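Protein chains in written order, with the working numbering: chain D, 68 to 264; chain L, 831 to 1029. Glycine residues also receive a C-beta, built at the ideal position from the N, C-alpha and C atoms. Every value quoted in this text rests on a predicted model; they were computed, and no experiment measured them.
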């Protein structure tokens, strides 16, 4: 059991995909204009990651080495299509606000990266835990970034008003704010990690 | 005139990297030197234009008539991946000089989300074939422009003494933010041009 918890913690903190591994930057920057958008993107990616990790670890022994990348991409694209249809059917508003970044989960390097470096070398249960850990780490980072941007830009967090909107700096909701907020958040994370080391 | 408008809007107003956030990974990864940035920019321009033509034709003549729209993501990514591989093989045979210049960047392009993003984007925007080609080409030019400017800034940044915490990816992000802020100055230019040309 301790092994699985270690894998989970590893994904959430030690190898946080956004702050430490710096992977999957496109959705991180593009979908975090508010905390709720960041959270939904994070959970969507988490779903695809868990499913693809599971399937890839199950078929790792029968995949010929030469074609393993195309095989992985097909598996990932299949789950993304499933996700796209589920979102369009049950939560159309999430589908509309995330837009083109749902199909673009296919080219999110976190998913192919975990398939290559973890799922193709470990068993199915460990791979599921790795998917949950990394996926939640990604969701956490996106929610944090989305929350910071929403707070600085409009004075709200999860649509709850903290200070009046007139005092917000609109720039943080716009594209430049994404880069700058992520830059400072990474600096803070670096500082905290540095203290630990 | 409409094509000129698409061209200017895609390069400056809705820059693919700085305001649409597509292709951030190569933007951060290969922007350490101006020469590599130029090579990457050229490779992306080539592949993006080609891939958009191919995926557009597949969408119009295979997927839409047969009601197979749900296979869009899967088909496009496979087409792009095999196209990149094919371009690599052909270039190696036909033009070794060009292959030498672009070769190392080609495999990286498969996972460049701006290729898939533009391919899906032109379908969603209901562009016709010529508009799609112009849009894809100008998006790629916008990508190359942002990449080269950014690489030039980073070359200078190497010489600066930085606080410990912001070293590495952090200062790169903040710089990109400032560059994106500068590009926001172009917003509204497309609207002005529309009035000017009377579209």
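Let me know if residue i comes out buried or exposed under the rule of 16 or more other beta-carbons within 10 Å of its beta-carbon.
{"i": "residue 257 of chain D", "result": "buried"}
{"i": "residue 836 of chain L", "result": "buried"}
{"i": "residue 849 of chain L", "result": "buried"}
{"i": "residue 889 of chain L", "result": "buried"}
{"i": "residue 197 of chain D", "result": "buried"}
{"i": "residue 120 of chain D", "result": "buried"}
{"i": "residue 939 of chain L", "result": "buried"}
{"i": "residue 845 of chain L", "result": "buried"}
{"i": "residue 954 of chain L", "result": "exposed"}
{"i": "residue 163 of chain D", "result": "exposed"}
{"i": "residue 924 of chain L", "result": "exposed"}
{"i": "residue 965 of chain L", "result": "buried"}
{"i": "residue 128 of chain D", "result": "exposed"}
{"i": "residue 91 of chain D", "result": "buried"}
{"i": "residue 917 of chain L", "result": "buried"}
{"i": "residue 158 of chain D", "result": "exposed"}
{"i": "residue 152 of chain D", "result": "exposed"}
{"i": "residue 225 of chain D", "result": "exposed"}
{"i": "residue 942 of chain L", "result": "buried"}
{"i": "residue 970 of chain L", "result": "buried"}
{"i": "residue 911 of chain L", "result": "buried"}
{"i": "residue 109 of chain D", "result": "buried"}
{"i": "residue 134 of chain D", "result": "exposed"}
{"i": "residue 184 of chain D", "result": "exposed"}
{"i": "residue 182 of chain D", "result": "buried"}
Per DSSP, which residues does residue i bridge with? Please list them.
{"i": "residue 57 of chain D", "result": "Absent from the model: residue 57 of chain D. The displayed extent of chain D is 68 to 264, so no value can be given."}
Using 7 Å as the cut-off, classify the Cβ of residue i as near or not near the heavy atoms of the ligand COA, replying yes or no.
{"i": "residue 147 of chain D", "result": "This structure lacks the ligand COA, and indeed carries no ligand of any kind."}
Assuming the contact rule is C-beta atoms closer than 8 Å, residue i and residue j should be a hit. Round their C-beta distance to whole Å, please.
{"i": "residue 952 of chain L", "j": "residue 936 of chain L", "result": "Not confirmed; about 22 Å, so no contact."}
{"i": "residue 992 of chain L", "j": "residue 1005 of chain L", "result": "About 11 Å; that fails the 8 Å criterion."}
{"i": "residue 866 of chain L", "j": "residue 874 of chain L", "result": "The pair is not a contact, with the Cβ atoms about 12 Å apart (cut-off 8 Å)."}
{"i": "residue 96 of chain D", "j": "residue 203 of chain D", "result": "The Cβ separation is near 20 Å, so there is no contact."}
{"i": "residue 208 of chain D", "j": "residue 83 of chain D", "result": "6 Å"}
{"i": "residue 213 of chain D", "j": "residue 235 of chain D", "result": "Not quite, the Cβ-Cβ distance comes to about 14 Å (not below 8 Å), so this is no contact."}
{"i": "residue 250 of chain D", "j": "residue 854 of chain L", "result": "Actually they are not in contact, since the Cβ atoms of residue 250 of chain D and residue 854 of chain L sit about 13 Å apart, beyond 8 Å."}
{"i": "residue 140 of chain D", "j": "residue 186 of chain D", "result": "About 14 Å; that fails the 8 Å criterion."}
{"i": "residue 114 of chain D", "j": "residue 150 of chain D", "result": "6 Å"}
{"i": "residue 117 of chain D", "j": "residue 199 of chain D", "result": "6 Å"}
{"i": "residue 165 of chain D", "j": "residue 98 of chain D", "result": "6 Å"}
{"i": "residue 947 of chain L", "j": "residue 179 of chain D", "result": "Incorrect: roughly 16 Å between the Cβ atoms, too far for contact."}
{"i": "residue 841 of chain L", "j": "residue 1010 of chain L", "result": "Actually they do not touch by this definition, with Cβ atoms about 14 Å apart."}
{"i": "residue 893 of chain L", "j": "residue 902 of chain L", "result": "6 Å"}
{"i": "residue 886 of chain L", "j": "residue 959 of chain L", "result": "6 Å"}
Cβ atoms of residue j and residue i: under 8 Å apart, would you say?
{"i": "residue 111 of chain D", "j": "residue 201 of chain D", "result": "no"}
{"i": "residue 148 of chain D", "j": "residue 904 of chain L", "result": "yes"}
{"i": "residue 996 of chain L", "j": "residue 254 of chain D", "result": "yes"}
{"i": "residue 89 of chain D", "j": "residue 999 of chain L", "result": "yes"}
{"i": "residue 871 of chain L", "j": "residue 973 of chain L", "result": "yes"}
{"i": "residue 161 of chain D", "j": "residue 107 of chain D", "result": "yes"}
{"i": "residue 205 of chain D", "j": "residue 177 of chain D", "result": "yes"}
{"i": "residue 843 of chain L", "j": "residue 1019 of chain L", "result": "yes"}
{"i": "residue 839 of chain L", "j": "residue 949 of chain L", "result": "no"}
{"i": "residue 963 of chain L", "j": "residue 878 of chain L", "result": "no"}
{"i": "residue 240 of chain D", "j": "residue 100 of chain D", "result": "yes"}
{"i": "residue 831 of chain L", "j": "residue 1027 of chain L", "result": "yes"}
{"i": "residue 932 of chain L", "j": "residue 869 of chain L", "result": "yes"}
{"i": "residue 857 of chain L", "j": "residue 1012 of chain L", "result": "no"}
{"i": "residue 982 of chain L", "j": "residue 864 of chain L", "result": "yes"}
{"i": "residue 215 of chain D", "j": "residue 851 of chain L", "result": "no"}
{"i": "residue 243 of chain D", "j": "residue 1014 of chain L", "result": "yes"}
{"i": "residue 125 of chain D", "j": "residue 231 of chain D", "result": "no"}
{"i": "residue 217 of chain D", "j": "residue 102 of chain D", "result": "yes"}
Complete alpha helix (DSSP H) runs within the region 112 to 177 of chain D (minimum length 4 residues, chain order): 135 to 157, 159 to 165
As an exercise, report each continuous alpha helix (DSSP H) stretch of at least 4 residues that is fully enclosed by the region 882 to 964 of chain L, in chain order. 902 to 924, 926 to 932, 936 to 939, 943 to 954
4-residue-minimum alpha helix (DSSP H) runs that sit fully inside the region 831 to 856 of chain L, ordered along the chain: 832 to 838
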